[in-house]
Amino acid sequence: MIIQNESKTQEIKQNMRGGHGNVEITHITDSEILGKNCRLFAQITVKPGDSIGEHQHTGEQEIFYFLQGKGMVVDNGIQLQIGPGDVMVTPDQGSHSVVNTGDEDLVFMALILNENV
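Everything in the sequence shown is counted per full-length UniProt numbering, starting at 1 for the first residue and increasing by one.
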């Protein structure tokens with residue numbers, strides 16, 4: 001199966017999870033392809049100064065793979081700087097947030113896997 005770029009869907013979320021500004025979400029696949037084990041596979045773009053607010057995951061885990069830009073994350077209460085090539089894994093019952101602290105877009109892949117399937 002090939003998913004061509006023009007078939008991907010995009011959405012903009014304002015003040016995502018209590019964060020600031022707009023977050024662009026490009027869905028790589030839809031729920032029919034993902035199946036019951038995966039809730040989200042997407043490329044996320046956070047503009048300079050914008051953020052995704054701190055939130056908890058319940059019954060699922062989320063993995064971020066950072067591709068471009070610089071940012072600050074809070075991972076279960078611990079604040080860390082991130083950049084290209086870094087990975088953040090938020091387990092079931094874990095919490096996280098992301099802020100773009102750089103001068104360019106912060107771009108990362110996000111994968112949410114359901115725990116109890």
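From the three backbone atoms N, C-alpha and C, an ideal C-beta is built for every residue, glycine too.
The criterion of a C-beta distance shorter than 8 Å is satisfied by E54 and S97. The three-state reading of DSSP puts G53 in strand, counting E and B together.
S31: member of the alpha helix (DSSP H) spanning S31 to L34, first to last residue. Note on the UniProt domain "Cupin type-2" (44-110): there is no whole alpha helix (DSSP H) run with a minimum of 4 residues. Sixteen is the threshold: when 16 or more other Cβ atoms of the shown chains lie within 10 Å of the Cβ of S51, as they do, the residue is buried.
In this structure, DSSP gives N37 a state outside helix and strand, which the three-state scheme calls coil. With 16 or more other Cβ atoms inside 10 Å of its own Cβ, V99 counts as buried. In the displayed model, E24 falls within a strand according to three-state DSSP. Beta bridge pairing from DSSP links E11 with I25.
In this structure the stretch 65-82 touches the stretch 101-112; the number of beta carbon pairs closer than 8 Å is three or more.
The beta carbons of T29 and Q10 sit no closer together than 8 Å. By alpha-carbon distance to N76, the top candidate from P91, I63 and T101 is P91.
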